[in-house]
Each structure stands twice: as C-alpha cells, then as structure tokens.
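Numbering (our numbering), first residue to last: 63 to 424. Yeah, the Cβ is synthetic: ideal placement off N, Cα and C, and Gly gets one too. Heads up: the structure comes next, in structure tokens.
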Amino acid sequence: MKKFLILIMVWSHSIFAEEVDDLYISLVPIPDQTLASRHQGINDALKNVLVKLTGNSAVIQLAAVQPSLKNATLYVDAISFEALPNNLSIYDNTDGSNLGLRVNFSHSAIDNLIRRSELPVLPSNRPKLIFWIVRDDVETGRRLLGEDTKGASFTDADEQLMTDLSRVMEDRGIPFILPSLDLEDQLTLSEGEAWNLASEKIEIASERYGADARVAMRFYRSSNGSIRGSWKYWANNKSYFDDFGVESDVSFIPPVINELIDRLAGSFSYVPQKTKNVLIVKVFDVQSLDNYKKINEELTRLELVNSIDLVSINRDEIHFAISSEGNSDLLHDALIRSGRFEMRMADLRNKDSSLSFDWITQ
Numbered sequence: 063m064k065k066f067l068i069l070i071m072v073w074s075h076s077i078f079a080e081e082v083d084d085l086y087i088s089l090v091p092i093p094d095q096t097l098a099s100r101h102q103g104i105n106d107a108l109k110n111v112l113v114k115l116t117g118n119s120a121v122i123q124l125a126a127v128q129p130s131l132k133n134a135t136l137y138v139d140a141i142s143f144e145a146l147p148n149n150l151s152i153y154d155n156t157d158g159s160n161l162g163l164r165v166n167f168s169h170s171a172i173d174n175l176i177r178r179s180e181l182p183v184l185p186s187n188r189p190k191l192i193f194w195i196v197r198d199d200v201e202t203g204r205r206l207l208g209e210d211t212k213g214a215s216f217t218d219a220d221e222q223l224m225t226d227l228s229r230v231m232e233d234r235g236i237p238f239i240l241p242s243l244d245l246e247d248q249l250t251l252s253e254g255e256a257w258n259l260a261s262e263k264i265e266i267a268s269e270r271y272g273a274d275a276r277v278a279m280r281f282y283r284s285s286n287g288s289i290r291g292s293w294k295y296w297a298n299n300k301s302y303f304d305d306f307g308v309e310s311d312v313s314f315i316p317p318v319i320n321e322l323i324d325r326l327a328g329s330f331s332y333v334p335q336k337t338k339n340v341l342i343v344k345v346f347d348v349q350s351l352d353n354y355k356k357i358n359e360e361l362t363r364l365e366l367v368n369s370i371d372l373v374s375i376n377r378d379e380i381h382f383a384i385s386s387e388g389n390s391d392l393l394h395d396a397l398i399r400s401g402r403f404e405m406r407m408a409d410l411r412n413k414d415s416s417l418s419f420d421w422i423t424q
C-alpha cells in the first residue's frame, strides 16, 4: 500500500500581482438544453461567479444571497451552449455528456448584489501564489512536485493532483505558479528542507518566481486509503495553519485548496463601504505627461477606487485625493501589487490620511 505526504505553505512577498479576466463569466456542465437545465446551469454559474468575485466559497450559503440565487436569470447578460473541455466534462458531468453552458453576467447587476448583500470583494488585481509541494511515498520516499509531473518518478496520482489544483485555482480566479524543479531549485531547496518547512530556504527558492505569496501543504495516505495532512500559509503579515482529513483520495484537492483560498483571500479582500474614505496619495518621480496619464490609468482600474481628484502638481510630484472603498492599508497594498508604485521609505504612512510612492517607469 502506497503512502504519501504533501506539505503546502504561503509567505507574503511584495512583487507584482496579476490582472485576472473573465471574473463575471462561468462555464458549467449541463445534461441537456431544456429550460430546467438552463435554469439550473445559470444558478450554478452565479454561485461560481460570486465565489470568484468575493474570494469566499461560504457566501453562497448566506441568507442575504438566497433570493438572488433563486432569480439568477435576472443577472444574466448572455448565455451560449458549447462543448466542455475534457478536464471539465470528466470532473463534473457524471452522466457522460459533454455539454456546457457559458453564462455572462451583468457587471453592474452583480456589483449591486455584492454591495447590497455586504459581501467582500477580492479585486481583479490578484496576488500570485507559488505552491511548493512535497510528497512522502513509503516506496519511493520524498518527492517535490512541480511544473512537470511526468516521468518514472511520478505517479498517476501526482498528475491528477496537479490537474485538480489547476482546476480549482482557475475556478477561483487565483493566479498561481509551480516551481520548475530544475537544477537551480534542486540546489536551493531539497526534499528534506521542504518537508521540514525550512522557511528561509523556501523563501530563497521562491524569489526567482516573483510570486506575491508562497504556499506549502502535506498529506499522507493511510493504510486504509484515507488522506491526512496539513497546510500553512503566510500572506500580508498573516499566517494560518490547519490540518485536514479526507476518507478517500478521489479529488481530495478541491475541498482542501478551497478552504485554503477562503482563508488566504481574506487578506486581500475588502467589504464595500457605505461611507467612502478619502486619502491623499502623493506620487513622486513623475517625469512626463505620459507618466501622469499612466498613473491615472493605474488608479482608475482599481476596483476599490471610486473617484480621483487632482490636488496639486509641483515639478515631479503629484498629489491626488482618492475616494476609496477600503482603508489606507488596502489601497497601499493594491498599488504595490500593481508593480508601478514603490513605497517611499523616507515617508511614513500618516494613518489613513496620506500615502507616498515613487512612480516606476517601464
């Protein structure tokens, strides 16, 4: 009987986040094109979109959301039928059909639903995660799993694990990367060091990948076939550790990773406020009109920014008054993740009144 052990962790790292598209679109499996199947498909798609936009799978259980789920067609912009990709049809359609329903939801209608229900928002400018995964097999020992899980040293279970991980992360709209496990990775981080959660070693090994957060997870398959393990993450100066147990190893990754993302996303989410916060943002090293236009573009594309007013211009320094959904910490982190703003170390943040950055010209 094989025995596995895998370990997942996350550390914060202020690099560039990634803009995620199609957050208001969902492709779901349906058995046929009947009206009942379409309605059920639209309901399932709305659940998927709400989970993607909020970063929390529990929101679809809230009482405030139930009336909207019962009337999901009110939020639809367009629907279309199409063949499911292989991984989706195998994963979801138990009747063997290959039919899918693509649902495009109205941005404004969904945004109003989220605000009305006081749900959190996970901005589309999202942190990129790197997963370091190591398994312990009773026959083959410990093995890091990465970008390429094919070969004699990897099992069908390894490949299925990576497929499930990719599927969940795509469903949640969270960008992620896997280490290439090339010679540089092998020299920087051994299986034993990954197994022992050598945080400094994992941090060094992750630097080349430019991730915003790092993750690690472990599991083992017991003699009766059940899965036991644990995961831990560090993000935005927060960390969390939890154990998990699954009675079967069939598709055990989805519930485990969904729970991890639910907790981790809270570090990057905000709840839209009825009363807006106005912050002064000072941007230095603005060398041209083109720089100014690009700064406006970067500020405008952030979901938590409601309005931008120009306050003053003095040589290469520009001051903006920004009306924001969240506090200064959320705005600060969103600007840093954009990759175009660098915090001025000489200027301390002034408790929700002003933020100072250098503009990064690309």
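In chain order, each beta strand (DSSP E) run of at least 3 residues that lies wholly inside the stretch 238 to 287: 275 to 283
Where do the ends of the beta strand (DSSP E) carrying E404 lie? For the purposes of this step, residue 404 is identified with residue 342 of the sequence shown, where counting begins at 1. E404 -> beta strand (DSSP E) spans 403 to 405.
So what's L161 in DSSP terms, helix, strand or just coil? On the sequence shown, position 99 is the one that residue 161 refers to. Looking at L161 - three-state DSSP - the assignment turns out to be strand.
Would you kindly report the start and end of the unbroken beta strand (DSSP E) that includes I370? Here residue 370 refers to the residue found at position 308 of the sequence shown. Run containing I370: 367 to 376, per the beta strand (DSSP E) assignment.
The alpha helix (DSSP H) spanning I323 covers which residue range? Numbered from 1 along the sequence shown, position 261 holds the residue referred to as residue 323. Counting along the chain, the alpha helix (DSSP H) containing I323 begins and ends at 315 to 327.
Could you give the uninterrupted runs of the alpha helix (DSSP H) lying entirely in the stretch 77 to 157, keeping only those of 4 residues or more? 97 to 116, 128 to 132, 148 to 154
Thinking C-alpha only, which one of N368, L112, H381 is nearest N389? Here residue 389 refers to the residue found at position 327 of the sequence shown. Nearest C-alpha to N389: N368.
Is K114 buried or exposed, if buried means 16 or more other CB atoms sit within 10 Å of its CB? The sequence position of residue 114 within the sequence shown is 52, counting from 1. Burial call: buried.
Does DSSP put V343 in a helix, a strand or coil? Start at 1 with the first residue of the sequence shown, and residue 343 comes out as number 281. The answer is strand: DSSP assigns V343 an E or B state.
9 Å Cβ cutoff met for S186 and D83: Taking the sequence shown and counting its residues from 1, one reaches residue 186 at position 124. Taking the sequence shown and counting its residues from 1, one reaches residue 83 at position 21. Cβ distance < 9 Å, so S186 and D83 count as in contact.
Can you check which of these residues, P241, P182, R402, L364, is closest to F346 by C-alpha distance? Locating residue 346 in the sequence shown gives position 284, counting from the first residue. Considering only alpha carbons, the answer is R402.
9 Å Cβ cutoff met for V196 and R290: By 1-based counting over the sequence shown, the position of residue 196 is 134. By 1-based counting over the sequence shown, the position of residue 290 is 228. No. Outside cutoff.
Classify Q424 as buried or exposed, calling it buried when 16 or more other Cβ atoms lie within 10 Å of its own Cβ. Mapped onto the sequence shown, residue 424 falls at position 362. Answer is exposed; the Cβ neighbour count stays below 16.
Closer than 8 Å is the cut-off here; do at least three beta carbon pairs connect the stretch 161 to 178 with the stretch 190 to 208? no
V196, enclosing beta strand (DSSP E) - first and last residue: Within the sequence shown, residue 196 is the residue found at index 134, counting from 1. Per DSSP, V196 belongs to the beta strand (DSSP E) from 191 to 199.
Can you check DSSP and say which residues form a bridge with K355? For this step, residue 355 is matched to residue 293 along the sequence shown. Partner(s): none; K355 has no beta bridge.
Spatially closest choice to W293 from I323, G287, S313, A107, by CA coordinates: Residue numbering aside, residue 293 sits at position 231 when the sequence shown is read from its first letter. Residue I323 is the option with its Cα nearest to W293.
Below 6 Å CB to CB, which residues in the same chain sit around S151 once its five sequence neighbours on both sides are set aside? In the sequence shown, the residue the question calls residue 151 occupies position 89. Note that S151 has pLDDT 49, beneath the 50 cutoff, so the model's placement of it is unreliable and the number below is only indicative. So the qualifying residues of the chain are N160.
For S385, tell me which candidate among I264, N320, L366 has the shortest Cα-Cα distance. For the purposes of this step, residue 385 is taken as the residue at position 323 of the sequence shown. Nearest of I264, N320, L366 to S385, Cα basis: L366.
Output yes or no for whether 9 Å exceeds the beta carbon distance between Q335 and D378. The residue given as residue 335 occupies position 273 in the sequence shown. The residue given as residue 378 occupies position 316 in the sequence shown. Not closer than 9 Å, so no.
Helix, strand or coil: how does DSSP classify S416 here? By 1-based counting over the sequence shown, the position of residue 416 is 354. Reduced to three states, the DSSP call for S416 is strand.
Determine, using beta-carbon pairs with one atom in the stretch 106 to 122 and one in the stretch 232 to 244, whether at least three such pairs fall under 8 Å. yes
Given a cut-off of 9 Å, decide if I192 and P241 are closer than it, judged by their beta-carbon atoms. One-based indexing of the sequence shown puts residue 241 at position 179. One-based indexing of the sequence shown puts residue 192 at position 130. Yes, these two residues count as a Cβ contact at 9 Å.
Report the option in A126, L361, D94, R283 whose CA atom is closest to the CA atom of S179. Reading the sequence shown from its first residue, position 117 is the one you call residue 179. Answer by Cα proximity: A126.
Have a look at S142 and D371 and give me their C-alpha separation to the nearest angstrom. In the sequence shown, counting from the first residue as 1, residue 142 sits at position 80. In the sequence shown, counting from the first residue as 1, residue 371 sits at position 309. Going by the C-alpha atoms only, they are around 41 Å apart.
Out of Q102, N105, E309, which has the shortest C-alpha to C-alpha gap to G287? The count along the sequence shown starts at 1 and reaches residue 287 at position 225. The shortest Cα separation from G287 among Q102, N105, E309 belongs to E309.
Where do the ends of the alpha helix (DSSP H) carrying E221 lie? Here residue 221 refers to the residue found at position 159 of the sequence shown. Where E221 is concerned, the enclosing alpha helix (DSSP H) stretches over 218 to 234.
Once you ignore the five residues that flank L259 on each side, which residues in its own chain have a CB closer than 6 Å to its CB? Residue numbering aside, residue 259 sits at position 197 when the sequence shown is read from its first letter. No residues qualify anywhere along the chain.
Which same chain residues, not among the five before or five after N166, have their C-beta less than 8 Å away from its C-beta? For the purposes of this step, residue 166 is taken as the residue at position 104 of the sequence shown. Hits under 8 Å: Y86, I87, V138, D139, A140, I141.
With burial defined as no fewer than 16 other Cβ atoms inside 10 Å of the residue's Cβ, what is the status of N105: buried or exposed? Numbered from its first residue, the sequence shown carries residue 105 at position 43. The residue in question, N105, is buried, as its Cβ has 16 or more Cβ neighbours within 10 Å.
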